[in-house]
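Residue numbers (our numbering): 754 to 1710.
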């Protein structure tokens, strides 16, 4: 495992530590616990700059699913280093800002920082991954964690709405991107981004190439809020300001930008890519800038300005891809300048937008409002915040001597140069690019002035404010001050970034078109002479100032747009129609009749399986090689059939449960006859626990009363019953009578001891060969047990006012109600419970070589606890066994997961196990296997799950 893997994993580990730290030191703000992590990562990434600047790559690999070419492969080049520094650097400042912004006495801080650490880890994973499938996993994790962050104030309806909207849009785009990744794999045979670039010639000619490109762009456009997928970003402003400053300035919204830049070597050189990326970017630029001047909420203004600026960067990446039309020529470097401008503006935007979000958060925090109509005159009482806002807004407007001015000039240069492209009809339509961009820049200049002067200058309206305005505390001012200082530094000394960050990032994006030994040389100067770009800037300033002046005086300039017809309204209407349609469909088939539900299930089963088998001509009956039925087998089959037939005719629920259990015990006898002791023991214990569970559930129901009712004969029921039985019987006979593949059992027999060090093949399969399946199964069991607990406890809370008081309250404890008064049984049970618990540990310990294992041992221990509860009551268990079984379930799953991830330390796939023989004092030579640790997790999980379910239902009120 490389250091890069730790950069990704550490935020997730901190997410686990945060709740613990919050409980241990509740008086300390939780932010102080996590602040050192992004600072340390930032310093680590800074130390990598010299290596990356010299053209080196830092990489690491952990196998995951080698057969599919999926591995936890990571690497750092110029592009990923740039994004990593933004994630860690801005993240450090946001964390410091949040410590002073969020009140530890009012906010759920542990939740906030867990979500933030999850998001940070996902972003690091996204930008550092080399494997497309791993990148996709982190991509969707950013959507989930951002949903949690945006909905942090979950009691606000708008927060929940904005969070859901952002997740729906970005997850849908992510699914489209996933399909694009799959098509790229189909075309190239690899998920590795670096290997993908090497297959460019064959990819471009493939019929699926454009389809894959469009699907990937759908993911990028939704994540980076490009028109028309921008609708989620303004509503996401309901998040706390630290979230907005982090997600919407430097991280989440830049993920789409990163994806376009990362895959630009694969898709650039194609006209569709050029037009889609640059065209959508310019459309987003002008739309976002126009909508920004119509906003009265400061965060909404910044939201649309972010949309606009993201469009600017996206369009530059699109225009920079034109270089691929001229590989190995001087024209290649000529058009690649647009990418240089994109990277530089990416940095500038992260800096000035982060400062502006924090400044707006300070205004909101200290005045109680973000409504620009209520603000004004704050310059005198909040001079530092005013200075921060001034620097950030002027950089966003493109006013010298700030960094935004330089990248805007470079943007204008790229727009003028793209007209010289002789491909993709650009000479005809390319002249529109500078016009659209100039108009958008005018709006950008205007809303930048609005942000500063409508908030801080003019007449003070303090009487309209919820709070008496005053300057923020120093801790809240330091982060935006650092960013505002960088705005000035990057403007006066831009070449601090040229060689350290911009050139390596350029090399990562455009390395396929350079001549051998050729490299990018980036030099950024403040003064370029009196050229077209400068005249465009002067024009922007003049017209933008005029719009700013008219904003107060002309209603048509400042009047907000009506929402009668809007993309956001279309989204809401679509959601409403889908909800209504889903409701009608659900009411149509959810009749409340169990019979109807069984009909749906059985019909689907018969049609899907039966038609598939018939169309594939898979029905076959081959009696060759079948064993004869012995007398004992015939007796067991007869008992099994009779017990099943007798269930509907039982006179009481108790008898029905006993007959059902009898059928299960007959299956146990089959396993005994077939010499499968592990399966027999598992079935025996599962059946015992299941019968007890049935008894506990039916204890709450009224006594079964038989009534003589003449039921009409229903041919439909008969046909379904016969069809299900016939289809399943034919499938079973066909499966047992045909072998299309060699049995894998021979492989397990030969290798269970050789590769896994175990003689019990069944247990070795569960914990080693198919350990991943087992881990997912115990996770599902854990979720089921938590679900049962939550359902019952929620019902209890709703009905707790109806609980009787006094001695009658005991009847609500099922175990108290059925507790045995038999002294002999209670005395013997104490000894039996101890013996069964010892035997369960024996089964766990010996399961690797003999019959047993963690699953069987856990069930045996649960059965012992159940016996103790029945004979002595649950209150006695609570006093004797002071174990929270819900936590025990989580601990078991965690042990199993950590055992699997521990294999990464040895650079082997997830859940790879090893074993060895060691001389242990007093015990002699013993075999120690890592699979035993995994089995321990299974053992604890099964005990926790079974006990949680049994005792929760048993204590149901």
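Backbone N, C-alpha and C fix where the C-beta goes; we use that ideal spot for every residue, glycine too.
These numbers were taken from a predicted model, which means no experiment stands behind them.
query: Range covered by the alpha helix (DSSP H) that runs through residue 1465; result: No alpha helix (DSSP H) contains residue 1465, which DSSP labels as neither H nor E.
query: Simplified DSSP state of residue 1679, which is helix, strand or coil; result: strand
query: Rounded distance between the beta-carbons of residue 822 and residue 994, thought under 8 Å; result: That belief does not hold up - the Cβ atoms of residue 994 and residue 822 are roughly 42 Å apart, past 8 Å.
query: Simplified DSSP assignment, three categories, for residue 882; result: strand
query: Span separating the alpha-carbon of residue 1098 from that of residue 1061; result: 13 Å
query: Cβ contact (3+ pairs, closer than 8 Å) linking the segment 1114 to 1130 and the segment 1083 to 1100; result: no
query: Own chain partners of residue 1512 with C-beta closer than 8 Å, once the 5 adjacent residues on each side are dropped; result: 1505, 1506, 1601, 1602, 1603
query: Residue nearest to residue 785 in terms of C-alpha spacing, selected from 1114, 801, 1397, 851; result: 851
query: Neighbourhood of residue 1439 by C-beta, 7 Å cutoff - its chain only, sequence neighbours within 5 removed; result: 1612
query: Close Cβ partners of residue 869 (< 7 Å) along its chain, the five nearest in sequence each way excluded; result: 902
query: Residue environment, residue 1353, which counts as buried when at least 16 other CB atoms sit within 10 Å; result: exposed
query: When 1348, 1588, 1246, 1273 are compared against residue 1256, the one with the closest alpha-carbon; result: 1273
query: Assigned secondary structure, residue 982 (DSSP; H/G/I helix, E/B strand, else coil); result: helix
query: CB contact flag (residue 811, residue 831, <8 Å); result: no
query: Beta carbon of residue 788 nearer than 8 Å to that of residue 848; result: yes
query: Nonlocal neighbours in the same chain, by C-beta distance under 7 Å from residue 1400, ignoring five residues either side; result: 1409, 1412, 1413
query: Residue environment, residue 1343, which counts as buried when at least 16 other CB atoms sit within 10 Å; result: exposed
query: Own chain, CB closer than 8 Å to residue 1554, minus 5 neighbours either side, in chain order; result: Annotation note: pLDDT 47 at residue 1554 (below 50); position unreliable, coordinate value reported separately. The answer is none, since no qualifying residue turns up.
query: Alpha-carbon spacing of residue 814 relative to residue 759, whole angstroms; result: 12 Å
query: Neighbour-count burial assignment, residue 1044, 16 or more Cβ in a 10 Å radius; result: buried
query: DSSP three-state assignment for residue 1673, whether helix, strand or coil; result: strand
query: Where residue 823 falls: helix, strand or coil (DSSP); result: strand
query: For residue 1196 and residue 1300, the rounded distance between their alpha carbons; result: 8 Å
query: Alpha carbon of residue 985 to alpha carbon of residue 1174, nearest angstrom; result: 35 Å
query: Proximal residues to residue 1108 (C-beta, below 6 Å), its chain only, five neighbours per side dropped; result: 1141, 1145, 1233, 1236, 1237
query: Contact the segment 1461 to 1469 vs the segment 1633 to 1648: 3+ CB pairs below 8 Å; result: no
query: Span of the alpha helix (DSSP H), counted from its first residue to its last, around residue 809; result: Note, residue 809: premise wrong, no alpha helix (DSSP H); not H, not E.
query: Which listed residue (1361, 991, 1114, 918) has its alpha carbon closest to that of residue 1139; result: 1114
query: Option in 1188, 1086, 1047, 1134 with minimal Cα separation from residue 1712; result: With the chain running from 754 to 1710 in the structure shown, residue 1712 is simply not present.
query: Every unbroken alpha helix (DSSP H) inside the segment 1150 to 1225 [4 residues or more]; result: 1156 to 1170, 1179 to 1182, 1185 to 1209
query: C-beta contact flag for residue 1532 and residue 1646 at 8 Å; result: yes
query: Top-ranked residue by Cα proximity to residue 1014, from 1543, 1450, 1103, 1073; result: 1073
query: Reduced DSSP secondary structure (H/G/I, E/B, other) of residue 1050; result: strand
query: 4-residue-minimum alpha helix (DSSP H) runs that sit fully inside the segment 1382 to 1429, ordered along the chain; result: 1384 to 1399, 1406 to 1426
query: Identified DSSP bridge partners for residue 816; result: 824
query: Residue nearest to residue 1186 in terms of C-alpha spacing, selected from 1626, 909, 1027, 1693; result: 1027
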